[in-house]
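Number of protein chains: 2
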Amino acid sequence: MIEIVAAKDMELKDILSRDAEKAEDVSQTVDKILENVRLFGDKALREYALQFDGARLEELEVTAEELQAGWEAVDARFRETLALARQNIAAFHEKQVRQNFVMAEQPGVVLGQRYTPIERVGVYVPGGTASYPSTVLMDVVPAKLAGVKEIVMATPPGADGSVDPAILAAAKIAGVDRIFKIGGAGAVAALAYGTESVPRVDKIVGPGNIFVATAKRRVFGLVDIDMVAGPSEILVVADGGCDPAWVAADLLSQAEHDRLASAVLVTDSRPLAEAVAVELKRQAALLPRQEIARASLAAGGRIILTDSIAEAVEIANAIAPEHLELAVEDPFALLPSVKNAGSIFLGRCVPEALGDYFAGPNHTLPTGGTARFSSPLGVDDFVKRSSFLYYSREALGQVADRVIEFAQREGLAAHGRSVAIRFEEKQV
Amino acid sequence: MIEIVAAKDMELKDILSRDAEKAEDVSQTVDKILENVRLFGDKALREYALQFDGARLEELEVTAEELQAGWEAVDARFRETLALARQNIAAFHEKQVRQNFVMAEQPGVVLGQRYTPIERVGVYVPGGTASYPSTVLMDVVPAKLAGVKEIVMATPPGADGSVDPAILAAAKIAGVDRIFKIGGAGAVAALAYGTESVPRVDKIVGPGNIFVATAKRRVFGLVDIDMVAGPSEILVVADGGCDPAWVAADLLSQAEHDRLASAVLVTDSRPLAEAVAVELKRQAALLPRQEIARASLAAGGRIILTDSIAEAVEIANAIAPEHLELAVEDPFALLPSVKNAGSIFLGRCVPEALGDYFAGPNHTLPTGGTARFSSPLGVDDFVKRSSFLYYSREALGQVADRVIEFAQREGLAAHGRSVAIRFEEKQV
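For the record, the sequence lines run as chains A and B. Residue numbering for the first sequence follows numbering that gives the first Met the number 0, starting at 0 and increasing by one per position. Residue numbering for the second sequence follows numbering that gives the first Met the number 0, starting at 0 and increasing by one per position.
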């Protein structure tokens, strides 16, 4: 099911399946849907709800009554779990909130930077089997903390026109302002262009299938989008002191996501490598989603043997995994040498699942090696910076020559004149 | 040359020319260039240098001797101006540097967030008439402050195979590590894929023509890119107390950039509006680039009359301009009501040119209304966040039920098992 290879015998680029880009091209279909929603608005959305979700909808928006009914349909225990998760997520993301700054260090000169929230944000939440209340919390809580004025959720309805109560409960706890029963590329179009009933947003976040991802790429620029996530990935760096059963369980928790998911173990211990391979076989057989898990381990699964844990971390940095577990004796000592990873799980008792749902850090993370340059979803994704500057006329006078000289060098005379004219004798 | 319209008689979407997207489609040409550089590396780059720049190159990289020669070819006064600008830009951007944080508020639980610099960054610098040393400083200084290990500059050579000395001097002062004589889509390809002599980077920033912009879009995902900038824009909010000559000069400093540039005045004073219209005519005639300035004023120029300055700011927020001047009596009082703008110039003596070159805030700003959701280039663009979490086994035990419950709700049994297994009796 999974092969053990020595680090020196392999090419890093072969380690993770990074074929998200090569996915089926659906752009023509998506373009048609975008166009129809742009032109026909709600009418098109209703047609797509019938066509794709089998739902005959009058109202596209979830009513207060439906929201309340969904809330009550969820047992008190899970509502409490949702509330605790929200609390942990909020506690972590509050620390990300930025402060404005101002500089007044030279006479007559004030410089600064302000943060303002993005006005209106759309959160896409997939339906069906991939309906994840945790995603609602992870996407909405940072937006609320950022001060976003209105958060609009889009999620496809079931054939009976209803929305999963767990999703509604999570939306209520997270503080979503409006919820629409729209899915796929049509939902992205509605959020980007606006329709009679769906307000146009400034940014669209949230996971989705290839149609949703393609639609997000298409409307990017008109609105902002979060990352277009590829298949989920875990890389576990483990030393010989690990329990192979625990390591295998963590790898499988990634492998069960989908066939493209990648689960990689990097260890300096051959005994552990071999024991984990055995455990993967044994435990996979116990899983309801064992077919998916086996398929993704066969395709994207690897066990890599290194000469040292330091070499294992180098490999992790080169791969830049979405999730990195440091299942070693002293994980905090290794942390400084980690350069590229979305979220880092420290120690032998910190399975990825803890972060996926509950601990507080975001679970929307850079995939496909993009952790080399991008970050987990956070409050930063829901604000923007503006810089500001004030100079007194005297202060401007002191630098006027420099600015004019620069303008002349760049062949932009009017730039220079706009400074010089402030010191000319009045013409009239 | 420019029309005066009342705010109530117009549609906001018509105000700014936002046709950057509709620019000539060059994707086929660009795809071919990307492919050739990917396959043939330096050989392709040399061919394109000959074909597009008329330069016959042996070495693609600028040598230490060339760099020094360029440095000496620039007069001492301008080298000093570059150094002062660098100092101001560094002083402002230092304030943007992020701090890691760690939370240790529950027993056995440590959460945190670390910043790590992007490893290697490519900075594209256009050649020819659009060769701007200020851009070198604005792109490189924040990257240095972010801790980027290697900064690689790409700029097209002249027909004699040389690079503009002012660009080399700026690169030296800013601290660029390596400089290559490569331009256009080929340069973007070289930075994204790497060649025999050009190292592969993790992120590409910097302005460029439609070929460069298209190539950046194409390689986005494989590497990160900064914004793809549209035509430059200024919106001046001015009250009746302004000198029309100054306001006109500021509008013209934007209009001279290119024919697509937009210069908009919004004022509550008809006398000012009329006087500025007259001044625009008069001053345009004095400009070396008067044809460009007249063309862009005719296409994208507007003077908008409002009933109040408050209404003027509302219009500014709806347009979300790249540059916003608040040329009013008390600009600081207006600042809090500004929601969407890239950079804000406060007062009557703060022409945009001051920020373009010298004051310190970045001049790479969101265009085309993207200030609704994006920010000026800054240190944030050269670092990425990673979150980390540690739980002791006891701490995990206390939340295990919640995590397992969540996993079951989402139909991901293996996620739950990865937690449960840490508390099972050993099988062996």
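Backbone N, C-alpha and C fix where the C-beta goes; we use that ideal spot for every residue, glycine too.
query = Would A/M102 count as contacting chain B if we go by Cβ distances under 9 Å?
reply = Taking the first sequence and counting its residues from 1, one reaches residue 102 of chain A at position 103. It does: the Cβ of A/M102 has a partner Cβ on chain B nearer than 9 Å.
ask   = Exposed or buried, B/N99, counting other C-beta atoms within 10 Å across all chains shown (16 or more means buried)?
value = Stepping through the second sequence from its first residue, residue 99 of chain B is reached at position 100. With fewer than 16 Cβ atoms within 10 Å of its Cβ, B/N99 is classed as exposed.
inquiry  = So if I threshold CB-CB distances at 8 Å, which residues from the region 370-388 of chain A count as touching chain B?
reply    = A370, R371, F372, S373, S374, P375, G377, D379, K383, R384, S385, S386, F387 and L388
task = Indicate the three-state DSSP secondary structure (helix, strand or coil) for B/R408 in the structure shown.
result = Position 409 of the second sequence, counted from the start, is the residue given in the question as residue 408 of chain B. Helix, per DSSP.
task = Spatial neighbours of A/A276 within its chain, please: CB distance less than 7 Å, with the 5 preceding and 5 following residues excluded, ordered by chain position.
result = Along the first sequence, read from residue 1 onward, the residue named residue 276 of chain A stands at position 277. If we look at A/A276 and ignore the five residues flanking it on each side, its Cβ neighbours are I1, I3 and I302.
query = Three-state secondary structure (DSSP) at A/P206?
reply = Sequence index remark: in the first sequence, residue 206 of chain A carries index 207 (1-based). A/P206 falls in the coil class under three-state DSSP.
request  = Under 8 Å between beta-carbons, which chain A residues line up against B/W245? List them in chain order, please.
outcome  = What you label residue 245 of chain B is simply residue 246 of the second sequence in a count that begins at 1. Near B/W245 (Cβ distances below 8 Å), the residues of chain A are S417, I420 and R421.
ask   = Quick one: is A/F210 near chain B, going by C-beta distance under 9 Å?
value = As a working note, residue 210 of chain A is residue 211 in the first sequence. Judged by the 9 Å Cβ criterion, A/F210 is not in contact with chain B.
key: 9 Å Cβ cutoff, A/T128 in contact with chain B   = Your numbering for residue 128 of chain A matches position 129 in the first sequence. It does: the Cβ of A/T128 has a partner Cβ on chain B nearer than 9 Å.
ask   = Residues of chain B with CB under 7 Å from A/H414, in chain order?
value = Counted from its first residue, the first sequence places residue 414 of chain A at position 415. Residues of chain B passing the Cβ test: S252, A352 and D355.
task = Quick one: which unbroken beta strand (DSSP E) runs of 3-plus residues sit fully inside the region 221-280 of chain A? Chain order, please.
result = 232-237 and 261-266
message = Please return the same chain residues whose Cβ sits closer than 7 Å to the Cβ of B/A340, not counting the five positions on each side in sequence.
response = As a position in the second sequence, residue 340 of chain B is number 341, starting the count at 1. So the qualifying residues of the chain are A315, A319, P320, L323 and A370.
query = What does a CB cutoff of less than 7 Å around A/I403 pick up in its chain, not counting 5 residues either side in sequence?
reply = Counted from its first residue, the first sequence places residue 403 of chain A at position 404. The answer, listed in chain order, is G415, V418 and A419.
task = Can you tell me which of B/Q95, B/S261 and B/A48 puts its alpha carbon nearest to the alpha carbon of B/G367?
result = The residue you call residue 367 of chain B lines up with position 368 of the second sequence. Per the Cα distances, B/S261.
query = Quick one: which chain A residues come within Cβ less than 8 Å of B/R408?
reply = Counting from 1 along the second sequence, the entry for residue 408 of chain B is found at position 409. Simply F77, P132 and A165.
Residues near A/Y390 by beta carbon distance below 7 Å, same chain, minus five either side = In the first sequence, residue 390 of chain A corresponds to position 391, counting from 1. If we look at A/Y390 and ignore the five residues flanking it on each side, its Cβ neighbours are G107 and V108.
request  = From the DSSP output, read off the bridge partner residues of B/M9.
outcome  = One-based indexing of the second sequence puts residue 9 of chain B at position 10. BP columns for B/M9 are empty, so no partner.
query = Any beta-carbon of chain A closer than 9 Å to the one on B/F331?
reply = Looking up residue 331 of chain B in the second sequence gives position 332. For B/F331, the answer is yes, since a Cβ of chain A falls inside 9 Å of its Cβ.
inquiry  = Under 9 Å, Cβ to Cβ, is there at least one residue of chain A near B/F405?
reply    = Residue mapping note: residue 405 of chain B aligns to position 406 of the second sequence, counting from 1. So, interface residue.
task = Let me know the secondary structure DSSP gives B/A158 once reduced to three states.
result = As a working note, residue 158 of chain B is residue 159 in the second sequence. Residue state, collapsed to three classes: coil.
ask   = Applying the criterion that 16 or more other CB atoms from any shown protein chain within 10 Å of the CB defines a buried residue, is B/R113 buried or exposed?
value = Position 114 of the second sequence holds residue 113 of chain B. Flag for B/R113 reads buried.
query = Are the region 148-168 of chain B and the region 44-60 of chain B in contact at 8 Å, needing three or more beta carbon pairs?
reply = yes
task = Check whether the Cβ atoms of B/V265 and A/L395 lie closer than 9 Å to each other.
result = Counting from 1 along the second sequence, the entry for residue 265 of chain B is found at position 266. Counting from 1 along the first sequence, the entry for residue 395 of chain A is found at position 396. No; because the gap between Cβ atoms is not below 9 Å, this pair is not in contact.
query = Can B/P155 and B/G182 be called in contact, C-beta distance under 9 Å?
reply = As a working note, residue 155 of chain B is residue 156 in the second sequence. As a working note, residue 182 of chain B is residue 183 in the second sequence. Against a cut-off of 9 Å, the Cβ pair of B/G182 and B/P155 comes out as a contact.
task = Return the residue from the list A/Q95, A/T128 and A/F77 that minimises the CA-CA distance to A/A145.
result = One-based indexing of the first sequence puts residue 145 of chain A at position 146. With distances taken between Cα atoms, A/A145 lies closest to A/Q95.
Host beta strand (DSSP E) of A/G354 (start-end) = Counting from 1 along the first sequence, the entry for residue 354 of chain A is found at position 355. Segment E351 to Y356 is the alpha helix (DSSP H) holding A/G354; no beta strand (DSSP E) there.
message = Nearer than 8 Å: is that true of the beta carbon of A/V200 relative to any heavy atom of the ligand MN?
response = With respect to small molecules bound, the structure shown includes none, and the ligand MN cannot be examined in it.
inquiry  = Going by beta-carbon coordinates alone, are A/I203 and A/V175 separated by less than 9 Å?
reply    = In the first sequence, the residue the question calls residue 203 of chain A occupies position 204. In the first sequence, the residue the question calls residue 175 of chain A occupies position 176. No. Outside cutoff.
ask   = Should B/T266 be flagged as near chain A, meaning a C-beta pair shorter than 9 Å?
value = On the second sequence, position 267 is the one that residue 266 of chain B refers to. Chain A contact via Cβ: absent.
query = DSSP on A/H92, reduced to helix/strand/coil?
reply = Taking the first residue of the first sequence as position 1, residue 92 of chain A is located at position 93. In this structure, A/H92 counts as helix in the three-state DSSP scheme.
Contact belief for A/R85 with B/W245 at Cβ below 8 Å, rounded distance in angstroms = Residue mapping note: residue 85 of chain A aligns to position 86 of the first sequence, counting from 1. Residue mapping note: residue 245 of chain B aligns to position 246 of the second sequence, counting from 1. At roughly 52 Å, the Cβ-Cβ gap does not stay under 8 Å, so A/R85 and B/W245 are not in contact.
Any C-beta of chain A under 9 Å from that of B/L286 = On the second sequence, position 287 is the one that residue 286 of chain B refers to. It does: the Cβ of B/L286 has a partner Cβ on chain A nearer than 9 Å.
ask   = Under a three-way DSSP split, which group does B/V382 fall into?
value = Position 383 of the second sequence, counting from 1, holds the residue named residue 382 of chain B. Strand at B/V382.
message = When you compare the region 231-239 of chain A with the region 326-343 of chain A, are there three or more beta-carbon pairs, one atom per stretch, that lie closer than 8 Å?
response = yes
ask   = Got a sec: is the Cβ-Cβ distance from A/P365 to anything in chain C below 9 Å?
value = Looking for chain C here will not work: the only protein chains present are A and B.
query = Name the chain B residues whose beta carbon is nearer than 9 Å to that of A/P125?
reply = On the first sequence, residue 125 of chain A is found 126 positions in, with the first residue counted as 1. Within chain B, no residue comes near A/P125; the closest Cβ sits about 11 Å away, beyond 9 Å.
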